[in-house]
Structure formats: C-alpha cells, structure tokens
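Protein chains in written order, with the numbering used here: chain Z, 1 to 371; chain H, 372 to 906; chain A, 907 to 1227; chain U, 1228 to 1538. No residue lacks a Cβ here, since even glycine has one placed at the ideal position from N, Cα and C. A quick write-up on the structure given underneath.
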Amino acid sequence: MDRMPAWADAVLVPLISLLLAAILSALVILAIGESPVEAFRLMVEGALMRSAGWGYTLYYATNFIFTGLAVAVAFHARLFNIGGEGQAMLGALGVALVCLYIPWPHWSLALLAASASAALFGALWALIPAYLQATRGSHIVITTIMFNFIAAALLNYLLVNVMKPAGMMEPATATFPQAVHLPTFQDMFSTAATPLFRGSPANVTFFVALLACLFVWALIWRTRLGYEIRAQGHSETAARYAGIRPVRIVVIAMLISGALAGLMGINSTMGEAERLILNSTEGAGFIGIAVALMGRNHPLGVLLAAILFGFLYQGGAELALWTNIPRELIVVIQALVILFTGALDNMVRMPLERAFLAARRRRTRRAEPAE
Amino acid sequence: MTDTAPAIELRGISKAFGPVQANKDISLAVQPGTIHGIIGENGAGKSTLMSILYGFYKADAGEVFIRGKKTEIPDSQAAIAAGIGMVFQHFKLVPNFTVLENVILGVEEGGLLKPSLAKARRALTDLAREYELNVDPDAVVETLSVGHQQRVEILKALYRQADILILDEPTGVLTPAEADHLFRILAGLKREGKTIVLITHKLREIMEITDTVSVMRQGEMTATVPTSETSPEHLAELMVGRKVLLRVDKTPARPAQTVLEIEKLRVTDQHGVERLKGIDLAVRAGEIVGIAGVAGNGQSELLEVLGGTREATGRVRINGEEMALTGRHADGRTRRGQGIAHVPEDRQRAGLVMPFAAWENAVFGYHRDPAYNRGVLMDNEAIRRDADNKIDRFDIRPANCRLSARSFSGGNQQKIVLAREIDRNPDLLLVGQPTRGVDIGAIEFIHQEIVRLRDAGKAILLVSVELDEIFSLADRIVVMFDGRVMGERDPAQTDERELGLLMAGIEGEPDKPEWQAIDEQWERVEAEEEAARHG
Amino acid sequence: MDFLTALQVLDSTVRLSTPLLLACLAGLFSERSGIFDIGLEGKMLAAAFFSAAVAFTSGSVWMGLLAGTAASIALSAIHGFASITFRGNQLISGVAINFLAAGTTVVVAQSWFAQGGRTPSLPPEGRFQTITLPFAEALRDVPIAGPIYHELISGHSILVYVGLLAVPLTWWVLFRTRFGLRLRAVGEAPEAVDTAGISVVGLRYAAVAIAGVLCGIAGAYLATGLQAGFVKDMTAGRGFIALAALIFSKWRPWHALGACLLFGFLQAIALRYQNIDLGAFTVPVQVMDAAPYILTVVILAGFVGRAIPPRAGGEPYVKER
Amino acid sequence: EPALIYDLGGKFDKSFNEAAFNGAQRWAEETGGEFRDIELQSEAQREQALRRFAEAGLNPVVTTGFSMATPIANVAPDYPDTKFVTIDGYVDPEEHPNVLSILFSEHEGSFLVGMLAAMASETGTVGFVGGMDIPLIRKFACGYAQGVKAVDADAEIIANMTGTTPAAWNDPVKGSELAKAQISQGADVIFAAAGGTGIGVLQTAADEGIYSIGVDSNQNYLHPGSVLSSMLKRVDVAVYDAMSAGADLETGVQVLGLAEEGVGYALDEHNAELISDEMQAQVEEAKSRIIDGEITVTDYTAEDSCPALTF
Ligand SMILES: Nc1ncnc2c1ncn2[C@@H]1O[C@H](COP(=O)(O)OP(=O)(O)OP(=O)(O)O)[C@@H](O)[C@H]1O
Ligand SMILES: Nc1ncnc2c1ncn2[C@@H]1O[C@H](COP(=O)(O)OP(=O)(O)OP(=O)(O)O)[C@@H](O)[C@H]1O
Ligand SMILES: [Mg+2]
Ligand SMILES: [Mg+2]
C-alpha cells in the first residue's frame, strides 16, 4: 500500500536533505572566502574524533534533548509551547535553590532532589499558560512567549538583588558545594592510562536525558495518559467523544512539557556551571522547537536531532577557535539544516516517492506476463 | 439527435492516487439535453471521474471532448469556461462567507467587490424566481441548512452559466420533498437543453429521473444502459457484482422496560441559539426508536447530550438513574459507565482518531477498562488481540489491525466503530447515521447487527437522515424539526410523504405547494437563528 | 501623568508600535491565506540589515528601503517554496528563516563592512527623516489639539504614516476587493477557491509576498527610520510580539492596530516609569520591565478569549493524498 | 603566540570587547606577531576555549569579561605553564599563581564623566542608560551619579535599564526610546553603558541635539559635537601590555584606576569644542584628588549599595 518503503522515508530522505544542507553551507563558506573542506574537517575532527569533542557535543545535546522533548510532548497535545526557554530558566532556579540551601551528603541524592525541583519549577511556569489556554482559550503561543520575558525578568531580579553573594561582580549565585558536583564523563570513563572526555562538561545528566527519552516514549505510546494526549492532539472532538477532558489533558501535557524543559537546568546549572548564572539557558528553549520538529516529535528523532545540533554547536566552537569564520556562520548552517531536513523534506521525498512507485510499476509489469 | 455530438465525451480516462487506481481507462458519452445517472459502490471512482471533468484532478491519461470538441481541462477555470458546473459531494463553499460572496468567488467583475456583489444580487433574484431557488443572499453559509447550502452550490453553477451540470450525490442531505423539488428543477434545466450528470446511490432516483445510467465498479465503467431498459435489482447486481438484499428482515419488536427517559431537554449552543427546545422521549429495551429529520434540526445535539459531549438542561434517566447533564460527570466516560454506547454521526471527526491504528481505535473510549491495562501501562497485546477478534467478527477489511484508521474505506471505518460499540453489549445504543456514505453491501451487514442487538433486548436510539433506513430499521419513528419533536409515527402506518412534511415542520396538509411551504419554514428557522446569534 | 507626559508616552507608543504593526499586518496577510508565519522576526531583521547596508552604500534611503524589502521578499519566497510548493511544515520553515536571517545578516555584514556585523552609521540622506505635517508649527499653540497635532501626530518618519495607512488599506483590500475576497477564502476553504478556478498556490504566494513587503518596511523602519544603521539582532524579538499581537487581534486589521498600539503603549509606559518610588520601597526595574508582558497575559485572559485562526491555516493544501 | 577570548557580546561590540581586539591588533601590528582569538557563543565554551588554547601552547591566554573568572579558576591549575589573564574577573592569586586579574575602577572614570555631564547640563537633569541591571552596570551608574552630585548636589539623575534578556545589549531602538523618555523628563546629557543599545542612545542624543557620553572605547567620533566624551576603560592597553609581556607576564591582581590611566575620559578633536577649559580644569582637579585619595568614589560592587543613586 505504501508508496515508499519505511526505511527510505526514515533514512534516505533525511540523509539526502542533510547532504543538500551541507552543500549549500559549503557554498556559503566558499563565498566568504574560506575553505569548506577545511571547515568540515575541523568540525568533524573537533566534535567527533576526540572524546572531549564528544563530551561537548553530548553536553549540548543533553540540553536540546530536554527542551526538544518538552516541545514534542506539548505538540502531541497540539500545543505549541514556545516557553521552553522560560521554563528552563525556572528549572535552573529550582536546581540552584536545592543545591545551595540544602546540605547534601552525596551527589546522587542531590541529583534526585534537584531533578524533582527543576521539574517542579519548570512545570509551575507552564501551569499558568496551560490553565489559561484550557479554561479561557488564551492562546498558548502568546502566553508562553510572555512568560519567557517574565522569567528573564524574575531571574534577573533574583540574581542581582537576592541570590548573588555580596561583593561579587557577576550576577550569579555562589558556586554549589563540592558535594553536589555531578560526575562528568571524565570522572566516569577516564582511567589514569587513558584519559577520556578531558575537561568536557558532559555529565551524568546525559543519562537522565536518555531516561527522559525513554520516559516520554513510554508515556506517549504506552500509557493511557499518552493515548489520551495523542487523541486530544489529533482531534479534540474525538477526545471529547471518548470522555477525555480537554482541560485536564492540556494542563497535564503542559505540566509535563514544562517539567522536561525545567530538567535542562540540572545539566547546565548543576552539571556544567555549578552555579546559577543569568544566561543559563542561552536559547536552548528555542533550539528545542527546531529539534522537536526535526525529530518529528518522536523521542528517538529528538535524540538524533539533539545530537546533530550538539555537533553543530561543538563543531562551530572548533571553527571559531581555529579559523576566522564568524560564529554566526554556524547559525546559518543550523538554519540550512533546519530548512532542508525540516521544511523542505518533501522536496526530496516527492521525487523519491515517484521513483519508488515507478520502480514498483516496472517490477509488476515485468512480473505480469510470467503469470 | 443521433447526428449531434455528445455534450461530454470521455475517452480512456485513467487516474491513480499513488498506488490506488481510481479510474481505469474510462470512456463515457453523455448526450446533450439528457440526465445521465452514474452509480457505483463507494470508492468506485465516480467522484474522481467527475472531478477530472471539472478540472479538479488531472487525469493521468485520456481525452475530454465537450460538444464534440477536444478540450483540455487543466483546472476548474477551464471547465467553467467550457460551460461545466459541478456540485461536489462535499460542498466547496467558504463557510464564513455570505451566499453572495460564495457565488461571485472566482467570477468577480473587476477588482472591486461592490459591482460584482450588486450584479450577483440581481442575478440571484432572477435565478431564484426562475428556478424556485430561494436563499437569503446575505446569509452566512455556515448558518444555512444543508439543503440551502446545496442551493447555493447550484446557484453558483447557474450563475456561471453552466449548461453542463454535474451533481455528486445531491440528495443524501435532502428531505424527500426537497429532493423532489430538486428533481423538478433538474427537469426544468433539462427542458432548457442543459445536460445533467447525476451521481447517486439511490436506485429509486435513478429510475425516476435519468435517461441513461452508467455503472462503475472498482475504477472501471462496467455498463451504460438506457434507464427504461433496466431495473433496480439489475443495477444493484451490476454495482456490487452479486445479488443484494435491499430490505432488512426483522421480526416485530417486543419492547420491555423503559431504559431511557428524556424530559424537557434543552440545549443552547455557544452562539446563544437554542438547538433543543424541550424534548420528551423514551426508549425501551428491545426496540429501535428512529429519529427522522433533516440534518441540523437538533438530532446531532440530542445524541451529543446523551453521549456526554454536550451540556444541557432538563432531566434524563438511564435505567431509572438520573444522568448528570452538566459538570464533570456529563462526559463520555461516565456515560459509558452507565451502559451507554455511542456510534457518533461523524465517524471521522468523533468516532475515530484517524491517524491512530485500527487496534488503538478499537478501544477508543474504553481504553481505561482494566481488561486493556496492566498497571500504568496499556496492555497493547491484549488490545490487539481484542481488535483482531473484532476484525474477524465484523469482517473488517483489510484484516490488519496495525493500519491507521485513515487507510480503511468509509464502510470499514464505520464497521470499526460499530464493532467497538456493539461489542460492549450496552443497555442503550445511540447510533447516528450508521450507513452514511457506506455502500449497499456493508449497509446490509450493519443493519443486521443493529437488529441483532435489539433482539438481544437492548434499547436503540437511531438517528438517520435516510428515510429508507428509518423505515427499514425503526420500530417507532420520531420526527424532529427545529429542536422539537414534531410527532411520532408507526412505520407501518405512515409514508415518506407524511414524514417528509413533518421533517419540514408541517403538520397535516399544507395550503400551498409543498416545496413553498417547506421553504417558508426553513427561512423562518434561519431568521430566528440569525436573530438569536445577534441578540 | 500630566498632559505633556501623556503626549510623550503616546508619541513613544506610536514609534514602538509601528514596526509591530507592519509586521503584524504582514502576518495577517500571510495567515489569512492559510500560511502561518513565525518568520516575521527573521524577515524584519534581514530587511533591517539590507536597507541599512544599501542606504549606506548608495546614499539613498529609498534604495535602502527597496533592498530591505527585496531581502524580506526573498525570505518570503523561501517560506513559500517550503510551505506552499513543497507542503512542508510551516512552523519549521519559519524557525529556519529566523535562524537564517540572524546568521546571514551578521556574516554578510562582516564580510561587507568588517565592522563586526554592523553597518556604518548612516548619513542623513541614508535615513528616513521625521516629517512635519502641514500647519504643525502654526497650530502648535492651540490648547490641547495643538500639542496633540504637533507632538503626537506630526513629526514621525514617513514609514509611520505608511504603517498607519496600511491598516485601512489592509482592511479595504481584504474586505472590499476581489483579491481580498479570494485571499480570505483561500485561508478558510482552499478547495472552494480551487474549484472556483482560482490558483490556490498563486494566491498564497501573493499573500506571502505581501507579508514580505510589509516586513521589509518594518525592518527598514527600524534600521533607517528609528536608527541610523543596523546592529545585529536589532529586532530584539519584535517579530514574536507582532505574532502575539496578530493572535490577540484575531487576524483583523483594525484590531491589529489596537493590539500593536497596546503593546507599544505598555512598553512606552514601562520605559518611561522604570523606577517607581513608593516611598519606603522602589519598584524594581525588573518588575516594570516585565509589566508589559504580565499585563498582556492579564488582558488576554480577562478580555480577549479564544482566538480561532483561519480554518485552513497551518495545513498545506493537498488535493491528492 | 598569545590568545584572546572575547565575552559573549562579541568581538565588535563597539565598546569593551572591541577595545580588547584593538589592543591586540596594535600589538600585532607593532610586533609583527600573531594572535588567536575566539568569540564565545555559549557558556560552556568558556572552559573549552581556555583549555584548547592552553593545550595548543598559546601563552598568555587573555580573556575579557567578569564571567571568565570562575572558568579560569577551574582550568588554570591544569595548565601551570600557561598564564591566564582575566580582565574584569577576580581570581584568587594565592590559589592560582598563573593568573593575572585585571580590574578596572570604572566607578572612577564614570565619576569624571558624571562631572562633565553635570557641568554640561543646563537643565540640571542627566540620564544614564544601562544595558541590563547587573552589578557591573550599577558600578558605572553609581560612579557617574557621584560625579554628577559632586558638581551639582541638586542634580537629578534618571537611571534606566534596557531589559532583562540578552537582547537588552542589542536593542538600539529601545535605547532610543529610553533616551527620548529621559529627554522628555528634562535630561540633556545621557551616559550610555549598554553595548549595542548605546548606539541608539548616542544616535538619539545627536538627533535631538543633546549630549551623550560613550563608554569603554572612545566613541566620540560617532557623533562629533554631540558625544560629550566617553568613559574610557583602557582594555586595549591592558591587552596590549599583557601580550607584550608574553609568557613572562607578571601574575597577581592589577587594579587599573585613574592613577594607572586605566580609566579616564576621552578628549579628542571630536569633542574639543564641547569641553571648555574650565570644565577640563575641574575634572583634572578631581582626578588628581581621587588619585591622591582625597576624594573616594564608592565602588558599588564593593558595598552593594550606592550613596548617590538607588536601584
Ligand atoms: N487516504 C488514503 N490513504 C491510503 N489509502 C486510502 C486512502 N483513502 C482510501 N484508501 C484506500 O482506498 C480504498 C477505497 O477507499 P474508499 O473509501 O473509497 O472505499 P469504499 O469502496 O468506499 O469502501 P466501503 O465500501 O467500505 O466504504 C480503501 O481500501 C482504502 O484502503
Ligand atoms: N484525493 C484523493 N487522494 C487519494 N485517494 C483518493 C482521493 N480521492 C479519492 N481517492 C481514492 O480513489 C478511489 C475512488 O474514489 P472516489 O471518491 O472517486 O469514489 P466514489 O465512487 O465517488 O465513492 P463514494 O461513493 O464514496 O463517493 C477511492 O479508492 C478513494 O479512496
Ligand atoms: Mg464520491
Ligand atoms: Mg467510501
């Protein structure tokens, strides 16, 4: 019945799209007078050929997994959560409160508590937009945009006026106590003989992110709640018919979404900076939108897209280190990747589909006379 | 007549949608000044063929001749220019536009709207007089009854001076009287020399009005015969490829205790329009109560209230127990707990989640049942086993529960819903339009299942716009009009004409021509609605 | 707030609202035709850069406007290509366009002017100067009306008046012309448009192109009207606020004017009254900074209610699945 | 070969980072040497850039921005042979012997331009536009306010911040509106310490015919005749010196104030006509008194409060 085998749709289409994005990126690099070959070599070597490069790639990917999953879960309920940024900021705040003001005997306990707190804060920040959408019909896109700004203002206030240690220049909290230091990949995988992931920020949170992928997968495709979320997302009329209460689904889906975005805080704040800084989210909430859409809102897709973006971030850093290519070029490359794999995928898919259909026709025609 | 070229001649038309071959090498000639019927099962390719003629789809192969001249029809503009007008099965109207705006869309005079609107207003008055096609030119289309929406479609075609008019299943949404009225208009058009192609599932209509009839099956044109030389039974056989039972066999009902009692049920929609204006009704175990009425007269709202998707005031008791009509217990989940199963009118929007697989749809609404769950997780294995059972018992095709609901045909989609709801063995089954858009073969099966449930002592409330269906299933017929019960009839002691009038809100013999009386009723209702919206 | 202050705040409101308004109307055309557009921000940004760059190089602000508009239309074309021709996801396409503009403007600016992704400061002829309406000086001293005319109504750059005129024009085009009728139809029921023999694709491209023009003017206003040059990311999220205003206005031109003026007003107030001193306690600047956003949510939840987008919005028009 | 790491604002922010770049350029031109540099894009890159440059044998590694202090403290022990320089950040010299912390007394420089502002103002109201409400910006504002009050105890100071998101540093439109709002409240001199946003402030001041004061680099040339002066923060000199010293760089903590010519106010052909001899004399006098310790300018970040301004 299908026009094209599933593998082609899942593998061939994105690969060709990526290739197109790469070719166009190469042209742009050429246009500004640099060597694309050299640039790609630097990116790949810096991001994928060294363990430390992987350490960075996966660190960024961890952030994007959380925000990507957050957007994806909301999308399943047909809610466009642009508020990942603000929710992540609040999540980071939650992490900081737990890490700073409670003495923890061991990082594992702290991680549990910080995760809970990050999720809680993120979820609470999503709650008001969710509730207003569900009961008043206030468009979630507007409210979540607004809540991003409000979160930034709140964090700015708290860091400058409340949480900053006296006399410190930076609007940041004190460094968290050593006890809540999360094991990095270096701590976990290095041996004296073979140092791995040296200095890179990837840490145990990556596994939390993988768990989150698993959790979202199970939630969406294995639980009643996920079933209801998807039903509501596909058709509110149908959901109502089945006795699914839209208000409940909207609120719960957004709470989960916000919680996932909030969890990003454990990676950036507890895992990397080890203190709460003003700019802890750095737009990862928005990257999450691209990641979720490119990953087709499936956890596995989100994971892959997040790693792709992690690679672009880390590869971009390498470019910035060793060439004079401006850092914004990486943004251009990201844009091309999003454009080709996300929005122009049909440009690749349509001709492929036709090719497969034609091939099948030929096969059946050749088979017919034999019958 | 023999030396004039056919008004339409199609040669070797083929069309594939991806892997589905909708039209295979079809040739057809339609003589000018005739009414040509086309029949065929669902999915036979009728709509596709006509849409190609109208430039909506592009044929993969084949040629079109209009009045003997080879004509390229790359888009609808070309079809309109060639004098072809089409009333689609699913209306192509802009719902929030007025009638006038819909009529001028695409044939405006110049860049500004004002002159076009004025011209169309005048033309509409003339057309209305000429063809007895009254609609308020300033009414917003979505507020019109379906019958009137269809008039707008016909007016659109006439305004474009079509002399070849294609109507795709126009009577599915009309009362018998309205259908008669339509046919009178078509006859008039024919007298003027216009050519008409009529697609319908109703053999009676074919026999009544067409000059020639073509039969399609699985994308091919299997026969074209003069109507006078054929019979309904013969046509049915040509369509399905086997003999079909056109009537349901059923024994007299043996009603027992009252299952459902409705008192003074009222519903007001979000625009402030009262949709149910005090309904009293009872359904007993072991009987089928059929609600007849033109779409949009409150039947949908009645089903929605009972199914738990709409709030209401009044009293409803199920098995003697009071039913919550507002608040969080007025929902589908509670209703299911009370033994109510519901086959909704719109299977694609309500009854199924189209992107879900069949197995997921097979428990939709019952997905919280412990049988389908293990702890927090759903027991997908059990659900799939259950779905396979249902597919087996209801002969759902293709027999693959992993396909999405979307990839089943309309009839099979309906069977999925029915299987799910009937399988629960409910005390009360609510059924809306069970065979809408379903072909003859499947209708037979669906009707048998409903009767079987009745015979098992269950109460059944059936809503249908098909009078044939009401007649063949219902033990009691209740007619609804404008949110009220117009009356109750015994199917053995009434006829289509009487019901048709009741469905238009007319009791007893009207003092003017039927269609005129009906029109006045509709206009009154639409005006009231408009007032309520703005009041 | 005394009269003069009120005037000044309103004056500021007009300036802050204009780019929002132009972008919002751009979104209105696009979304009325059924194409969602979250790339307003990117289009404005690209227009801001190219208008400033060309105004600088050519010394003509009008050339700048033209170039900015062309850049914005080019991005619109990409959006159209992705979401109309290739039926891609309109949200992704919009996100991509925002990224593309953010990156490209700086990369191009850097290799063109080598001033770190900035254009040089524009000379006067490279900027839209404020214009004084007739009699503004003469009427200046008339009580109440005089200052209103002189301060508030007169003395903006021409693009402000273009923006304000765009509102009735948009209304007129949408509701009084053939094009508008078809445009509204294609956002509600593309199949009706198609069967009426009108090209759905053509209409949608036209709408997207108009959106490009309006975003172009918005961007040019930022860089050559309000400012004298381009600074990276200078749109600073205005495209998203415009999007919010569009939803707020429920896709209606006059309401869009109201929504944008409201957003502009809230910002102007927040800028003007940053340090409100309540005696013992000074309201922190962050509270005032967040106030426009908080108020927006309050107004939205309290008064605006459900916004129903054009029915066919966001979905590509697919005849044959 | 030395390395230079710019803060997130980017190499060409027309003020702070750009000054660092200029210093490095000058060094490169004068010595014919080469240096590597990187514009950071994210927080995590701070440590990364430090490590990568140190591993590549670049020495010294000069960084700008207070946010580099913590990363340097984390990284420095791993590369004892590399000298790290943090401009604006403070790293404990006891613990990290291979780090040089360079701190500027921005409050002193701001004090001087505050005096200029008060003297140039005819309305007795002056303005300040900051990028974001962070301690560093408060330090600027506080020094400025003290300078203003030193000249005119009754002067009014309107201090505004642009926003709370990173966009606040790149929103010239908002800068313009803030300037206009301040002008309408009577301000006729405005000091902008707001990165790209400041461009808008200076532009509007020029358009509206009032004075503005630039920051970090000498911005007088942007609008000759309108930019009253610029509060100089000689990051360029600091970078130049550090690069010149090379691997032999002396570590520890350097505080560059007026005495060290690390901060000051700009006087050049673009604003010569705006600064009368009398004004210059007064400022120079205050300068020497500050250097002598006769006047103490409160450093907001030391006290977390300001005698002349409330936040
Ligand atoms: N969108 C679609 N995608 C894939 N396959 C489809 C789609 N629509 C229809 N089909 C396939 O085309 C076939 C015919 O569909 P259609 O709804 O016309 O069937 P039908 O003949 O009306 O069947 P029924 O009598 O059960 O209503 C079905 O078998 C279905 O699997
Ligand atoms: N737009 C479409 N895309 C893909 N498949 C389609 C499309 N329209 C129709 N089909 C398929 O083409 C076949 C013929 O459909 P068509 O609508 O012409 O049937 P029909 O005879 O009009 O049926 P019905 O009586 O249900 O109206 C069906 O299998 C249907 O599923
Ligand atoms: Mg059909
Ligand atoms: Mg069908």
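Item                                                                                                                    : Value
Cβ-heavy atom distance, V596 of chain H to ligand 2, below 7 Å                                                          : no
Minimum Cβ-Cβ distance from M1388 of chain U to chain A less than 8 Å                                                   : yes
For S1328 of chain U, the first and last residue of its enclosing beta strand (DSSP E)                                  : 1326-1331
Neighbour list for K1225 of chain A in chain H, Cβ cutoff strictly below 8 Å                                            : F427, Y428
Selection from H:N783, H:I650, H:G416, H:R755 that minimises the alpha carbon distance to V850 of chain H               : H:I650
Closer than 8 Å to chain U by CB, I16 of chain Z                                                                        : no
CB of M254 of chain Z within 8 Å of CB of A126 of chain Z, strictly                                                     : yes
S1503 of chain U burial status per 10 Å Cβ neighbour count (16 or more: buried)                                         : exposed
Residues that T171 of chain Z contacts on chain U, provided the C-beta gap is smaller than 7 Å                          : Residue identity check: residue 171 of chain Z is Pro in the sequence provided, not Thr. Within 7 Å Cβ-Cβ: I1361, P1362.
Residues of the stretch 1416-1446 of chain U with Cβ closer than 7 Å to any Cβ of chain A, in chain order               : G1423, I1426, G1427, Q1430
Ordered list of alpha helix (DSSP H) runs contained in the stretch 595-645 of chain H, each at least 4 residues         : 603-611
Contact set between Q334 of chain Z and chain A, taken where Cβ atoms lie within less than 7 Å                          : F1005
For P1393 of chain U and V160 of chain Z, believed in contact at Cβ under 8 Å, the rounded distance                     : That belief does not hold up - the Cβ atoms of V160 of chain Z and P1393 of chain U are roughly 15 Å apart, past 8 Å.
Between the CA atoms of G68 of chain Z and F852 of chain H - distance to the nearest angstrom                           : 52 Å
Closer than 7 Å at the beta carbon, the chain Z residues around D1195 of chain A                                        : A153
V391 of chain H beta carbon near ligand 2 (any heavy atom closer than 7 Å)                                              : yes
L801 of chain H, DSSP secondary structure in three states                                                               : strand
Identified DSSP bridge partners for H407 of chain H                                                                     : H:V568, H:T583
Whole alpha helix (DSSP H) elements within the stretch 949-1017 of chain A, 4-residue minimum                           : 967-986
Where M749 of chain H meets chain Z, residues with beta-carbon distance less than 8 Å                                   : R222, T223, R224, Y227
Nearest neighbour of I1417 of chain U, chosen from U:L1476, U:G1351, U:A1283, U:F1280 [CA to CA]                        : U:G1351
Sub-8 Å separation of N467 of chain H and V511 of chain H beta-carbons                                                  : yes
Sequence-distant residues of the same chain with beta carbon closer than 6 Å to K635 of chain H, five excluded per side : G649, G685
Test: T697 of chain H CB closer than 8 Å to a CB of chain Z                                                             : no
Proximity test, Cβ basis, 8 Å: G137 of chain Z and chain H                                                              : no
Contact between the stretch 1461-1473 of chain U and the stretch 1266-1276 of chain U (3+ Cβ pairs under 8 Å)           : no
Close beta carbons around L799 of chain H, own chain, < 6 Å, minus the five adjacent residues each side                 : V630, L631, I711, A830
C-beta neighbour in chain Z for Q1409 of chain U, strict 8 Å                                                            : no
CB contact check: V724 of chain H to chain Z, cutoff 8 Å                                                                : yes
Backbone CA spacing between E937 of chain A and I220 of chain Z [nearest angstrom]                                      : 31 Å
Proximity of D908 of chain A and T1391 of chain U at Cβ, strictly below 8 Å                                             : no
Outcome for W893 of chain H when other beta-carbon atoms lying within 10 angstroms are tallied against a minimum of 16  : buried
Between the CA atoms of G84 of chain Z and I102 of chain Z - distance to the nearest angstrom                           : 27 Å
Nearest neighbour of I1214 of chain A, chosen from Z:G262, Z:R136, Z:A77 [CA to CA]                                     : Z:R136
Proximity test, Cβ basis, 8 Å: A1117 of chain A and chain H                                                             : no
8 Å Cβ cut-off: residues of chain Z touching F779 of chain H                                                            : Going along chain Z, no residue has its Cβ under 8 Å from F779 of chain H, so there is no contact; the nearest lies around 11 Å.
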